[in-house]
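Note that the numbering used here has the sequence shown beginning at 7, numbered continuously upward.
All C-beta atoms, glycine included, are put in the ideal place defined by N, C-alpha and C.
Here the structure comes first, spelled out in structure tokens, and everything after it is commentary.
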Amino acid sequence: MGTFFHPITLVGPDGEETVEALVDTGASFTTAPRSLLERLGVEPHRRARLRLADGRVGEWDLGRITARIDGQEEETLCLFGTEEAPATIGAYTLEGLLLGVDPLGERLIPREGFLMTLTDTQFHLNAEFEMTGDQPDAVAKLVEGLDKKYKHQTLLGVTGSGKTFNMANVIARANRPTLVLSPNKTLAAQLYSEFRDFFPENAVEYFVSYYDYYQPEAYIPRTDTYIAKDADINEEIDKLRHAATRALFQRRDVVIVASVSCIYGLGEPSEYYNFVLRFRKGEAGNRQRALRKLVDMQYERNDNNLVRGRFRLRGDTLTVMPAYEELAVRVDFFGDEVERIMQLDPLTGEILSETDYIEIYPAKHFVTSADKLELAIADIEAELAERYQILTERGRLLEAQRLLERTRYDVECLREQGYCSGIENYSRHLARRAAGSTPWTLLDYFPDDWLLFVDESHMTIPQIRGMYYGDINRKQTLVDFGFRLPSALDNRPLSFQEFLSHIHQVIYVSATPGPWEHEHSEQVIEQIVRPTGLVDPTVEVRPTKGQIDDLMSEIRLRVERGERVLVTTLTKKMAEDLADYLLEMGMKTHYLHSEINTFERVEILRDLRLGIYDVVVGINLLREGLDLPEVSLVAILDADKEGYLRSEWSLIQTMGRAARHVNGTVIMYADVMTDSMRRAIEETTRRRRIQEQYNEEHGVQPEGISKAIRDITDRVRQVAEEKAEYNTGDIPKEEIARLVKEFEKQMKEAAKNLEFEKAALLRDRVVELRRELVGDEEGLEAIAALRRGAGGPMSRLRQGRARPRRR
């Protein structure tokens, strides 16, 4: 599959004419100057609404014409172009890059050099309930603001007021590609799960950092310590990232839930799209050319082990495991003709469907053509020579020699393998960008009319501001001491101003909007009344003396009622020690902090809701947005320690975790009433009065929230269409708990060996067995006992640690 200039003969009712045209063998779509088509007697039969990748939308005439290439004829859809554009067949990608014009004659910059048809797909909101309380008014005002072209709006909604449902309603009415930006992976996973429920017929995707562990490259001059980059990539999250970018190229009904990872560098959109490999049934195609293109797309050939990002060739059958799907693609050739295109289960080989056309997207977001790679290598060598001379003239011979050796090694790897460790540091040269220019990010994959929601904006906006400066400071040291070329500084996240320049329209969503949102929003909409009639929790302040004993008695009261508890501390060590102590006291407890990876965090919160745990102890993650309807008590230790974790908005957010329960209560353990505590309590009391007044006037009786327990791991587990059912019969609960432990061990081993399908099936078994245990108290105790035993995530931290003193 390729793009090239070749003579084609266009055949119309009044004759035929041969022209030199740009041909893309992977598509059937012809563009020709209007005057040529009129000479051939081709008449437009309808108007088409098309959109360019930069978001511009317009209508053009379409007709039908026969194109003859090397004796083979095919009737194609024909677009009436301008005189400036050449005749093309299918080539609506490369043309804009070569000639600076698209097939419609409009001037384009390279990243906008591809054409896509505008689908009429609508967002279909699947809601089991109607908007109530403040929701209808808030949604109407937000949509009105979008229609009035307001660039910045803010939704100030209290915890549990249905802000996510409001966002879904706005998305459905606006009907635009949407990015929902979340401050961390835990909230992103929760939002992703909720939006998939709201939009089951549309594309809801997940885009966060794919690192389970990441140690960036760094140098500490004071101790002469160099720290090499070290990372552990989560393949499942990487798969979801690729599914997200693919969706943006294929449709407009897309919602992507992302963390601030979306402002970090990604491959150039048009270059990424240029590498798409297309197969059409019955089409003549060169099999060897397809294999070479797969290698250029960073797919690896392996005829024995077909896993994600690999392909195999057996006789005339090509099988590809795309980077973004669970299903493999099989293409059968008859000579050079595509005979069959199938999708199959890679584990069983069962054919699940057949199709006439399919597109395969690159295995990596950073893909570069051979021509561009040669140019990039030449630029890298030129920059190296210049930088080497500068360092030598300054007498920094050690740094000059270090830079020379490291860069030459990377260049050799690029020449021989097309890849090198730390290739992202050469992204400016590979993308042919100017020094200091804005890097490509996920935001560039959206059309210009996209919509942005910034969830928990009081946290997310400061994060975006800080990312750029933290990255530039670290890399400047690497450049100064000869570890990297100066061009490495252009491998960076967006600055805040660059982020703002990408925004078309944005809605900030928070219970406690920050100064930025208030200053720049054209309207701030309050949403105080909850649809369920629930009011803000009652707040008590108690002394720190004997706080652990007091906390344990409160926990026991909640456990007796089948409710859950969240406890927040100031440090990771305090969270771990307190969790250990509560475990020793017989309470089903787990801790939660940033060192726990993405999927494990989601599992812990899921287990809290299921009742496997009664208490979760955390720090910063037990705040914004966590939707845990079973939690009736939030305990805040050291509430009087003024600072980031005990600021006014932080306290309001933490207290909000108890606002989804009828018996919601907050206990602050403090000896002094700080200004932040006072303001937080006053604001909570103000909101509670408004809510109680509304309930009284409208006769609303507060009702607890009933919500299905689902999360992002459900999608990861969807490997087979039918899940096996496991009947445990009369097996003792302790034995089932041991089975859970054994299956979890096998699951982790399978994942370690990259056997993700097997790991997902084992995960299904674990879920089924856990559900058996959740049915009664005996089963819950069995799981809690297992978690206290060796092999659980707590065991590594408990070994050799003294029990904390009671306060």
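Rounded to the nearest angstrom, the gap between the Cα atoms of Arg-769 and Leu-572 is 27 Å.
Assignment of Gln-78 by DSSP, reduced to helix, strand and coil, places it in the strand class.
Straight through space, the alpha carbons of Ile-534 and Ala-133 are spaced by roughly 21 Å. At least 9 Å separates the beta-carbon of Leu-457 from that of Thr-170.
Contact between Ala-581 and Ile-625 is confirmed by a C-beta separation of about 6 Å, below the 8 Å threshold.
Secondary structure note for Tyr-587: it is in no beta strand (DSSP E), and the uninterrupted alpha helix (DSSP H) holding it is 578 to 590. Comparing C-alpha distances from Ala-144 to each of Val-515, Glu-525, Asp-633 shows the shortest one belongs to Val-515. Within its own chain, the residues whose Cβ lies closer than 6 Å to the Cβ of Tyr-219, once the five positions on either side in sequence are excluded, are Asp-238, listed in chain order. Thr-575 sits in coil when the DSSP states are folded into three classes, being neither helix nor strand. Going by C-alpha positions, Ala-440 is about 11 Å away from Ser-433. Sorting Asp-351, Ser-527, Glu-345, Glu-761 by C-alpha distance to the C-alpha of Thr-323 places Glu-345 at the top.
Distances from the alpha-carbon of Ala-765 to those of Lys-751, Ile-554, Ser-199 put Lys-751 closest. In the DSSP assignment, Ile-554 falls within the unbroken alpha helix (DSSP H) covering 553 to 566.
For a cut-off of 8 Å, the C-beta gap from Gly-315 to Trp-446 is around 21 Å, too long to register as a contact. Looking only at Leu-193, Gly-166, Thr-15, Val-186, the smallest Cα-Cα distance to Phe-605 is reached by Leu-193. When only Cα atoms are considered, Ile-618 and Ile-602 end up about 18 Å apart.
Per DSSP, His-130 lies in no beta strand (DSSP E) segment and is marked neither H nor E. Judged by DSSP secondary structure, Phe-171 falls within the alpha helix (DSSP H) whose first and last residues are 169 to 180. The DSSP-derived three-state label of Gly-21 is strand. In the structure shown, the three-state DSSP call for Thr-354 is coil.
CA-to-CA, the gap between His-248 and Ser-600 works out to about 25 Å.
Runs of the alpha helix (DSSP H) spanning 4 or more residues and lying entirely within the segment 392 to 433 occur at 403 to 423, in chain order. Judged by DSSP in its simplified three-state form, Gln-159 adopts strand. A buried status is given to Tyr-367, since no fewer than 16 other beta-carbon atoms sit within 10 Å of its beta-carbon. Rounded to the nearest whole angstrom, the C-alpha separation of Ala-388 and Leu-491 is 11 Å.
One thing to note: Asp-244 has its Cβ within 9 Å of the Cβ of Tyr-216.
Counting only runs that start and end inside the segment 275 to 352, the alpha helix (DSSP H) elements of at least 4 residues fall at 275 to 280, 293 to 302. The alpha helix (DSSP H) runs lying completely inside the segment 452 to 488 and spanning 4 residues or more are 463 to 486, given in chain order. Between His-158 and Ser-527, the CB-CB gap stays under 9 Å.
Phe-372 sits in coil when the DSSP states are folded into three classes, being neither helix nor strand. By the Cβ-count criterion, Pro-499 is buried, with 16 or more other Cβ atoms from all chains shown falling within 10 Å of its own Cβ. In this structure, DSSP gives Arg-70 an extended state, which the three-state scheme calls strand.
Looking only at Ala-180, Arg-40, Gly-401, Asn-240, the smallest Cα-Cα distance to Arg-258 is reached by Ala-180.
Looking at the DSSP output, Val-530 sits in a beta bridge with Thr-160. In this structure, Pro-537 places its C-beta atom within 9 Å of the C-beta atom of Met-137. When DSSP states are grouped into helix, strand and coil, Ser-188 belongs to the coil group.
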